[in-house]
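Numbering (the UniProt record's numbering), first residue to last: 1 to 307.
All residues carry an ideal CB built from backbone N, CA and C; glycine is no exception.
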Amino acid sequence: MEQADNLLGRIRKNYHSFSKGQKRLADYITENYDKAVFLTAARLGKEVGVSESTTVRFATQLGYKGFPEFHRALEELVRNRLNSIQRMEVTYGHVPQAEILDRIFQSDIEKIKLTMEHIDHSAFELAVDTLLGARTIYIIGIRSCAPLASFLGFYLNMIFPDVRLIQTNSSSEIFEQMFRISQEDVIIGISFPRYSMRTLKAMEFANNRNAKVITLTDSIHSPINLYSSCNLIARSDMASIVDSLVAPLSVINALVVALCMKKQGEVVDTLQSMEKIWDEYQVYSSDEMNHVGDTDRLYDDGHREDE
Numbered sequence: 001m002e003q004a005d006n007l008l009g010r011i012r013k014n015y016h017s018f019s020k021g022q023k024r025l026a027d028y029i030t031e032n033y034d035k036a037v038f039l040t041a042a043r044l045g046k047e048v049g050v051s052e053s054t055t056v057r058f059a060t061q062l063g064y065k066g067f068p069e070f071h072r073a074l075e076e077l078v079r080n081r082l083n084s085i086q087r088m089e090v091t092y093g094h095v096p097q098a099e100i101l102d103r104i105f106q107s108d109i110e111k112i113k114l115t116m117e118h119i120d121h122s123a124f125e126l127a128v129d130t131l132l133g134a135r136t137i138y139i140i141g142i143r144s145c146a147p148l149a150s151f152l153g154f155y156l157n158m159i160f161p162d163v164r165l166i167q168t169n170s171s172s173e174i175f176e177q178m179f180r181i182s183q184e185d186v187i188i189g190i191s192f193p194r195y196s197m198r199t200l201k202a203m204e205f206a207n208n209r210n211a212k213v214i215t216l217t218d219s220i221h222s223p224i225n226l227y228s229s230c231n232l233i234a235r236s237d238m239a240s241i242v243d244s245l246v247a248p249l250s251v252i253n254a255l256v257v258a259l260c261m262k263k264q265g266e267v268v269d270t271l272q273s274m275e276k277i278w279d280e281y282q283v284y285s286s287d288e289m290n291h292v293g294d295t296d297r298l299y300d301d302g303h304r305e306d307e
């Protein structure tokens, strides 16, 4: 977590070499990083009483390439330091009620754009090839990441014969479900701030048994990447009580489609078989629709109206 954890450390380390204006910036950021994260270079400078150029030089003197990289480090700091209540107060204290809908849409669009621009295509292809060669695929995602894990597990089950979505009621149960994991297997760990310790332990457990580890997370500095050889990075929301997971979901969609294309024949056969089952057992509502005026229509209990 170099960018996040070391931001304040970098400030402390370089404090003695700062100019008076830069020291004011350092003091403000140290004491008010939850507010500074919402400010541009110009607005941050104005808040402290220095020029925009001083703010930019401050970022470069800390070792960042520019203000944008410094700001990403500040986002990491906020994301990992604030609890859910503080994150809600910070976010919604700055957004008027009338603007929330548009602001959230725009924020989600930005997360997808940033992910698309920076995702490692070679890591994506490695993830596809690794899954294709796996005997068993394990998937773990906890708390807000659980829906992502469930969604991925649902579709991988249509592509592969042995996919196991790890249930996460307790840490001990996680290890019991992973007991037979080995070097022939793959585990996909999904974790976004605040990072789950149980997911981290599951990654460690799999790595110790020589299983291949794929992670879907928000940063190369994410702790679960310690045990991964294939990291898929997707941007999530910086600070909110509701985690924005649209970008990770887009990565999952792309992964599923890529795998389907690689196993197109098997997937078509599976879907044809499933369609017959869905039709036979009336899985979808189109099989159960009642048509007005049709005396032969079916009700939920399977009896005909004229019976």
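Its chain contains Thr136 as the residues whose beta carbon lies nearer than 6 Å to that of Asp162, once the 5 sequence neighbours on both sides are disregarded; these appear in chain order. In this structure, Leu232 keeps its C-beta atom at 9 Å or more from the C-beta atom of Ala59. No residue range can be given for Lys65, since it is assigned to no beta strand (DSSP E) and is classified by DSSP as neither H nor E. Setting aside the 5 residues that flank it on each side, Tyr284 is surrounded in the same chain by Trp278, each with a C-beta closer than 8 Å to its C-beta; the list follows chain order. For Ile214, the uninterrupted beta strand (DSSP E) run begins and ends at Lys212 to Thr217, by DSSP. Within the model, the alpha-carbon separation for Tyr28 versus Val48 is close to 7 Å. Between Thr217 and Ile190, the CB-CB gap stays under 9 Å.
DSSP places Ile190 inside the beta strand (DSSP E), whose first and last residues are Val186 to Ile190. Per DSSP, Leu232 is one residue of the beta strand (DSSP E) stretching across Cys230 to Ile233. Distance from the Cα of Ile252 is smallest, within the candidate group Phe205, Cys145 and Thr199, for Cys145. Inter-segment contact for the stretch 243–261 and the stretch 110–118 is present: three or more beta-carbon pairs are separated by less than 8 Å. For Ala234 against Val186, the beta-carbon gap comes to about 19 Å, at or over 8 Å, which does not count as contact. Annotation: Lys262 to Gln177 spans about 28 Å, alpha carbon to alpha carbon.
Taking 9 Å as the cut-off, the Cβ atoms of Thr199 and Ile142 count as close. Spatial neighbours of Gln183 in its own chain (CB-CB distance under 7 Å, excluding positions within 5 residues in sequence) are listed in chain order as Asn210 and Ala211. In this chain, the alpha helix (DSSP H) harbouring Val267 covers Gln264 to Glu280. Proximity to Val268 across Leu165, Met158 and Tyr15 peaks at Met158, based on C-alpha coordinates. DSSP lists no beta-bridge partner residue for Val246.
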